[in-house]
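Novice:
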Amino acid sequence: MSFKSAALVGAAVIAFIPSVHAQTKVAAAAPVASLVSQVDIPYQTFTLANGLRVVVHTDRKAPVVAVSVWYDVGSKHEPKGRTGFAHLFEHLMFNGSENAPGDFFEPLKQVGATDYNGTTYFDRTNYFETVPTAALERALFLESDRMGYLLGAITQGVLDEQRGVVQNEKRQGDNQPYGLLGYKITEGLFPATHPYGHDTIGSMADLDAASVQTVKDWFRDHYGPNNAVLVLAGDVDVATARSLAEKYFGSIKAGPKSNLPAAPVVTLPAPVNETIRDRVAATLITRNWATPGLNDPAAASLDVAAGVLGGLASSRLTDQLVRKEKLFTQVSADSNAFAQIGTFSIDGLVRPGVDVALATKRLDEVTAQFLKDGPTADEVSRFVTSTVARRIRGLESVGGFGGKAVALAEGALYSNDPGFYKKQLAALAAQTPATVKAAANKWLTRPVLAINVVPGDRDAYQEAQVPAAVPVAAAPEQPAKGTRGALPAVGEIAGLSFPAVTRTRLRNGIEVVYAQRTAVPVTQAVVSFDAGYAADVAGKLGTEQVTLDMMDEGTTTLDSNALAQARERLGASIGTGLSLDRTVLTMGVPSANLNPALDLLADIARNPAFADAEVARIKNQRLAEIQQELTNPAGIAGRIVPRIVAAGTPYEKAQGGGDPAAVAALTRADLVAFQQAWLRPEKAKIFVVSDRPLAEVKAALDARFGDWRGTGAVPAKASSATPPATRPRILLFDRPGSPQSLITGAVSNGLTGTQELLPVQTANDALGGSFLGRINMDLREGKHWSYGVNGGFQRAEFAAPYLMRAPVQADKTGPSIAALQQDVKEFLTTKPMTDAEFDLAINGAIRSSSGQFETSGAVLSAMQQNDLYKRPDDYYATIAQRYRALTLPQLRTTISQAIDPSRITWIVVGEATKVKPQLDTLGMPVELVTASSLGLPAAAPAPAPAK
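Under our numbering, the residue at position 866 of the sequence shown is numbered 866, and the numbers go up by one with no gaps.
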């Protein structure tokens with residue numbers, strides 16, 4: 001389920017200063033065809049004798065190679081009684097193989113791998129990592145060993161550990177608001193016997209029933225080389241790839257080939273209406289249909305239909321039902337095409353206080369009108385342009401979740417064509433109003449599955465019950481068999497080549513911080529204001545966020561929908577962001593459209609309308625979001641933590657969406673006053689990473705921002721006082737019906753972000769800063785009570801408290817806090833960072849630098865961090881020397897001084913009746929926290945009636 005985030009775009013402005021942009025006329029955009037032509041991933045393919053297909057793409061921009069192995073096995077291949085096996089096996093294949101025992105992440109981290117992970121879905125299981133070129137052989141050894149030499153490493157202990165981890169992954173998803181909806185949609189659209197008729201996570205019962213023998217049989221049936229695609233993308237050529245693929249994969253014997261199951265597109269015999277209850281703040285209305293898969297010609301048409309109906313910011317549903325009629329706070333439409341079938345969904349969050357029947361009626365009426373009229377040519381063009389621009393931006397990365405290796409692998413596995421992405425883009429570009437209307441009417445006039453989620457206690461849910469506790473011994477370490485020799489040595493890894501950063505100023509004094517990257521024809525820019533949560537209005541928390549929400553809701557010449565349409569025609573992404581210290585207006589655009597995109601950016605930044613009707617609507621949307629926040633474990637914890645670690649400082653203002661009473665009372669004048677005071681040129685810096693040269697970029701910025709002047713006195717943020725020391729106690733927020741508890745450990749210290757924190761951050765790598773950190777390895781891999789645990793310094797300009805986050809199964813809440821206490825205390829005292837942990841942290845950090853800064857977005861973020869923390873612009877260019885200068889005694893000392901384990905405050909969001917008896921045994925006071933104790937009503941003030 002996905003929602004467009006409401007009112008996420010905008011920036012700050014001085015609205016009443018005359019400028020050349022008072023009458024904005026956006027220049028014409030580059031033709032879609034010219035953008036499509038920029039999407040190109042040249043590749044070569046070959047197939048080994050054992051059936052392994054290999055796809056190679058050469059990209060020399062950075063000394064890294066993306067390694068991606070995609071197996072033709074997903075949840076659609078699972079028979080009855082074995083749901084969740086494909087995903088379970090994804091986890092098992094990270095726990096070591098016969099010749100590379102132990103956690104798979106350790107040898108990858110040692111060589112500086114980035115973007116390493118694995119995923120499972122209906123159609124496939126994939127594993128991927130981006131490694132320095134010199135470490136390619138090691139990565140291929142590891143991938144081939146788990147393909148051909150895994151079974152000897154699967155023990156009962158390993159199976160039990162990963163089964164527990166997967167079950168907590170399921171609980172973590174189920175614990176979210178609307179977390180059970182996905183199951184209902186899958187079950188409602190498809191019969192249980194259909195390959196797509198169950199969710200990838202599987203059932204608790206089937207996972208419990210898995211035995212060592214059944215999982216080994218599953219592996220033998222599906223994970224042979226002839227059932228896989230290997231993609232190598234990056235600093236590698238086809239000759240090298242062929243030699244290495246043959247060396248490491250060539251001797252693995254072929255196995256059974258996955259059979260493509262029959263998966264017809266299901267049409268329901270009659271409409272289905274269902275209602276489920278959940279502890280949510282707003283009713284969610286959904287409409288769902290099964291549709292054709294991605295190889296069907298209708299897939300492109302349905303993509304456009306979803307975008308025009310509910311995907312674009314200017315979509316029919318958003319404009320009519322959110323902006324004009326104000327019946328919903330969010331609406332979306334999505335077309336998800338899988339290999340053999342797809343799903344089409346329409347979702348709408350009803351605005352609190354609105355009659356659900358009326359909202360439902362209007363949702364269906366607007367949808368019906370779209371089916372009757374079809375889209376306009378302009379709507380089709382805007383969606384295609386936005387989609388292609390997003391694809392161009394994504395192609396800067398060779399690997400990860402969405403880079404070039406993914407595009408090639410998907411095409412090879414699902415369509416037997418690594419270049420299928422080109423056919424998809426061509427099909428999109430060929431869409432017309434007639435083709436979209438025809439497809440939409442063919443598929444969306446069939447009987448619908450309508451499911452509403454309404455506020456109330458959750459229905460009985462058998463799968464959420466924690467299985468009976470069974471003592472499980474930790475999986476013993478298996479020695480390497482050594483049948484394939486030692487892990488390949490890693491050659492000399494090329495150092496990071498961080499781009500040169502240049503500073504200049506516009507004629508009004510705004511500083512421009514610029515770096516050039518030419519891998520993709522894209523410009524990314526950030527207008528950064530010295531504001532952030534710390535500048536929000538005391539006593540009126542939420543003022544800043546509502547101001548930002550308003551920024552893309554119309555300028556003096558473009559209303560909110562016209563502004564959205566203008567962005568879409570350019571393929572421009574314009575949005576806002578808010579951190580503790582900075583408020584930002586962001587832009588990403590194909591450089592062919594840079595000038596017209598800057599026209600829009602300047603209009604948003606200088607000429608916002610703050611129309612009274614829009615202010616009222618946005619306030620109501622913000623109030624609805626605050627209500628939703630109070631049903632979400634992370635949202636609840638996010639309101640409590642600042643009161644603990646930042647009490648009495650400006651950072652205490654960072655409490656979710658703000659004070660609902662204050663938001664309800666805000667006026668247009670409040671918002672204009674904040675905008676003029678804080679989001680002004682005197683407080684702005686502009687950061688840019690572009691393929692265009694600095695002279696061109698500066699001239700374009702100067703023409704649009706160079707005459708911008710603020711009015712009135714320039715305010716200063718309140719001084720950052722030292723917060724009171726945290727103390728050992730447990731704050732418990734009761735959230736009934738929670739299969740998991742969210743634990744946050746928080747401890748203040750005297751650190752600030754402008755200090756050199758590299759020593760403590762590097763030391764924390766071994767405690768909570770990485771997958772291999774002790775707290776994650778204990779609670780996830782050792783005890784399997786959590787899907788993932790982490791800890792780190794929440795770095796701001798004037799503070800850096802230490803926070804731990806641990807979602808754990810409810811019946812292990814107390815023991816989990818005890819385990820975390822012990823892990824932290826031992827790390828700081830009797831069992832400090834070891835030589836091996838030190839080497840892993842240092843080597844991993846140095847060797848991963850090129851992968852970390854592969855994209856323009858990563859460079860842009862680093863430039864802003866350097867500026868905020870008062871570091872030199874070449875900080876990352878010299879980062880290797882800084883790491884090499886660190887010593888183990890230094891790291892042990894700095895981390896022990898930064899974290900006092902005796903002063904950790906624990907925040908728990910969970911079901912009090914289940915967890916309080918556990919917490920009472922820990923020897924700390926337990927305090928119940930309620931909405932009212934946070935200064936909030938049990939429910940946020942109801943939004944005003946629609947007008």
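Ideal Cβ positions, reconstructed from N, Cα and C, are used throughout, including at glycine.
What residue does the alpha helix (DSSP H) around A290 start on, and which one ends it?
Specialist: Numbered from its first residue, the sequence shown carries residue 290 at position 290. Run containing A290: none in the alpha helix (DSSP H); it sits in the beta strand (DSSP E), L284 to P292.
Novice: Beta carbon of P297, beta carbon of A205: below 9 angstroms?
Specialist: As a working mapping, residue 297 is identified with position 297 in the sequence shown. As a working mapping, residue 205 is identified with position 205 in the sequence shown. No, Cβ-Cβ distance for P297 and A205 is not below 9 angstroms.
Novice: Below 9 angstroms between beta carbons: does that hold for N764 and D900?
Specialist: Your numbering for residue 764 matches position 764 in the sequence shown. Your numbering for residue 900 matches position 900 in the sequence shown. Cβ atoms of N764 and D900: not closer than 9 angstroms.
Novice: Measure the C-alpha to C-alpha separation of F771 and I842 and round it to an integer number of angstroms.
Specialist: Translated into positions along the sequence shown, residue 771 becomes position 771. Translated into positions along the sequence shown, residue 842 becomes position 842. In a straight line, the C-alpha of F771 is about 15 angstroms away from that of I842.
Novice: Could you give the first and the last residue of the continuous beta strand (DSSP E) run that contains M93?
Specialist: Taking the sequence shown and counting its residues from 1, one reaches residue 93 at position 93. Segment: none, M93 is in no beta strand (DSSP E) and carries neither H nor E.
Novice: According to DSSP, is H198 helix, strand or coil?
Specialist: Here residue 198 refers to the residue found at position 198 of the sequence shown. Here H198 sits in coil by DSSP.
Novice: Could you have a look at F586 and say whether DSSP puts it in helix, strand or coil?
Specialist: For the purposes of this step, residue 586 is taken as the residue at position 586 of the sequence shown. Looking at the sequence shown, residue 586 is not Phe but Thr. In the structure shown, T586 sits in a strand (DSSP, three-state: E or B).
Novice: Could you give the first and the last residue of the continuous beta strand (DSSP E) run that contains K685?
Specialist: As a first step, residue 685 is located in the sequence shown; it is residue number 685 there, counting from the start. For K685, the enclosing beta strand (DSSP E) begins and ends at A684 to S690.
Novice: Between the C-alpha atoms of A572 and L302, what's the straight-line distance to the nearest angstrom?
Specialist: Within the sequence shown, numbered from 1, the residue matching residue 572 stands at position 572. Within the sequence shown, numbered from 1, the residue matching residue 302 stands at position 302. Those two C-alpha atoms are separated by around 22 angstroms.
Novice: For Q864, collect the residues of the same chain with a Cβ closer than 7 angstroms to its Cβ; drop the 5 residues on either side in sequence, then sort them by chain order.
Specialist: Here residue 864 corresponds to residue number 864 of the sequence shown, with the count starting at 1. Only V526, S528 and F687 meet the Cβ criterion.
Novice: Tell me, please, which residues DSSP counts as bridged to D378.
Specialist: Mapped onto the sequence shown, residue 378 falls at position 378. D378 is not bridged to any residue.
Novice: Which full runs of the alpha helix (DSSP H) of 4+ residues lie inside the stretch 664-721, going along the chain?
Specialist: 668-678 and 694-705
Novice: Within 10 angstroms of its Cβ, does A239 collect 16 or more other Cβ (buried), or is it exposed?
Specialist: One-based indexing of the sequence shown puts residue 239 at position 239. Under this definition A239 is an exposed residue.
Novice: Straight-line CA distance for T214 to T921?
Specialist: Within the sequence shown, the letter at position 214 stands for residue 214. Within the sequence shown, the letter at position 921 stands for residue 921. Cα to Cα, the separation comes out at about 40 angstroms.
Novice: If distances are taken between C-alpha atoms only, which option among A300, Q628 and A624 comes closest to S327?
Specialist: Position 327 of the sequence shown, counted from the start, is the residue given in the question as residue 327. It is worth fixing the name first, because residue 327 is Leu in this sequence and not Ser. The option with the nearest alpha carbon to L327 is A624.
Novice: If you drop the 5 nearest sequence neighbours on each side, which residues of the same chain put their C-beta closer than 8 angstroms to that of A30?
Specialist: Residue numbering aside, residue 30 sits at position 30 when the sequence shown is read from its first letter. Hits under 8 angstroms: P590, A592 and N593.
Novice: What number of angstroms, rounded off, separates the C-alpha of G753 from the C-alpha of P801?
Specialist: For the purposes of this step, residue 753 is taken as residue 753 along the sequence shown, with counting starting at 1. For the purposes of this step, residue 801 is taken as residue 801 along the sequence shown, with counting starting at 1. Each residue's alpha carbon lies about 10 angstroms from the other.
Novice: Is the beta carbon of I730 closer than 9 angstroms to that of V926?
Specialist: Here residue 926 is taken as the residue at index 926 of the sequence shown, counted from 1. Here residue 730 is taken as the residue at index 730 of the sequence shown, counted from 1. Yes, the pair counts as a contact, with Cβ atoms nearer than the cut-off.
Novice: Can you grab the Cα-Cα spacing for the pair R606 / G737, in whole Å?
Specialist: Locating residue 606 in the sequence shown gives position 606, counting from the first residue. Locating residue 737 in the sequence shown gives position 737, counting from the first residue. About 48 angstroms.
Novice: Are F733 and V929 closer than 9 angstroms when you measure CB to CB?
Specialist: Taking the sequence shown and counting its residues from 1, the one referred to as residue 733 is at position 733. Taking the sequence shown and counting its residues from 1, the one referred to as residue 929 is at position 929. Yes. Within cutoff.
Novice: Does any C-beta atom of chain C lie closer than 9 angstroms to the C-beta of A562?
Specialist: As a matter of chain content, chain C is missing from the structure shown, which is built from one protein chain.
Novice: Can you list, in chain order, the residues of its chain whose CB lies under 6 angstroms from that of K947, leaving out five sequence neighbours each side?
Specialist: As a first step, residue 947 is located in the sequence shown; it is residue number 947 there, counting from the start. Because K947 carries a pLDDT of 47, less than 50, the predicted location of this residue cannot be relied on, and the following value inherits that uncertainty. Contacts found: none.
Novice: For V714 versus I817, is the C-beta spacing smaller than 9 angstroms?
Specialist: Within the sequence shown, numbered from 1, the residue matching residue 714 stands at position 714. Within the sequence shown, numbered from 1, the residue matching residue 817 stands at position 817. Contact flag unset, no.
Novice: Just how far apart, CA to CA, sit E975 and R780?
Specialist: Within the shown structure, residues of the chain are numbered from 1 to 947, placing residue 975 beyond reach of any answer.
Novice: Select from A290, Q565 and N561 the residue whose C-alpha is nearest the C-alpha of W443.
Specialist: For this step, residue 443 is matched to residue 443 along the sequence shown. Residue A290 is the option with its Cα nearest to W443.
Novice: In the DSSP assignment, find the unbroken beta strand (DSSP E) run with I574 in it and report its ends.
Specialist: Translated into the one-based positions of the sequence shown, residue 574 becomes position 574. In the DSSP annotation of this structure, the continuous segment of the beta strand (DSSP E) that includes I574 starts and ends at S573 to L578.
Novice: Can V808 and N168 be called in contact, C-beta distance under 9 angstroms?
Specialist: Numbered from its first residue, the sequence shown carries residue 808 at position 808. Numbered from its first residue, the sequence shown carries residue 168 at position 168. Yes, Cβ-Cβ distance for V808 and N168 is below 9 angstroms.
Novice: Among F128, R163, A412 and T286, which one has its Cα closest to the Cα of L189?
Specialist: Here residue 189 refers to the residue found at position 189 of the sequence shown. Considering only alpha carbons, the answer is T286.
Novice: Within its chain, find whatever has a CB closer than 7 angstroms to the CB of L828; leave out the 5 residues flanking it on each side and keep chain order.
Specialist: Locating residue 828 in the sequence shown gives position 828, where the first residue counts as 1. Taken in chain order, the residues that qualify are I895, S896, I899 and P901.
Novice: Output the distance between the C-alpha atoms of G769 and Q110, rounded to the nearest integer angstrom.
Specialist: Counted from its first residue, the sequence shown places residue 769 at position 769. Counted from its first residue, the sequence shown places residue 110 at position 110. Cα-Cα distance, rounded: 15 angstroms.
Novice: With H, G and I counted as helix, E and B as strand and the rest as coil, what does DSSP make of P132?
Specialist: Counted from its first residue, the sequence shown places residue 132 at position 132. Three-state DSSP puts P132 in a strand.
Novice: Grab me the residues of A450's own chain with a C-beta within less than 6 angstroms of its C-beta, minus the 5 sequence neighbours each way, in chain order.
Specialist: Taking the sequence shown and counting its residues from 1, the one referred to as residue 450 is at position 450. For A450, where only same-chain residues beyond five positions count, the Cβ hits under 6 angstroms are N273 and R287.
Novice: Which residue from K361, N790, A665 and P195 puts its Cα closest to that of A951?
Specialist: Nothing in the structure corresponds to residue 951, since the chain is present only between 1 and 947.
Novice: For the alpha helix (DSSP H) containing W443, name the first residue and the last one.
Specialist: In the sequence shown, the residue the question calls residue 443 occupies position 443. First-last of the alpha helix (DSSP H) with W443: P433 to L444.
Novice: How many Å lie between D123 and A339 at the Cα?
Specialist: As a first step, residue 123 must be located in the sequence shown, where it is residue number 123. As a first step, residue 339 must be located in the sequence shown, where it is residue number 339. Distance between the alpha carbons of D123 and A339: 6 angstroms.
Novice: Identify which residue in R220, L919 and L496 has its Cα closest to the Cα of V73.
Specialist: As a working note, residue 73 is residue 73 in the sequence shown. Of the listed residues, the one whose Cα sits closest to V73 is R220.
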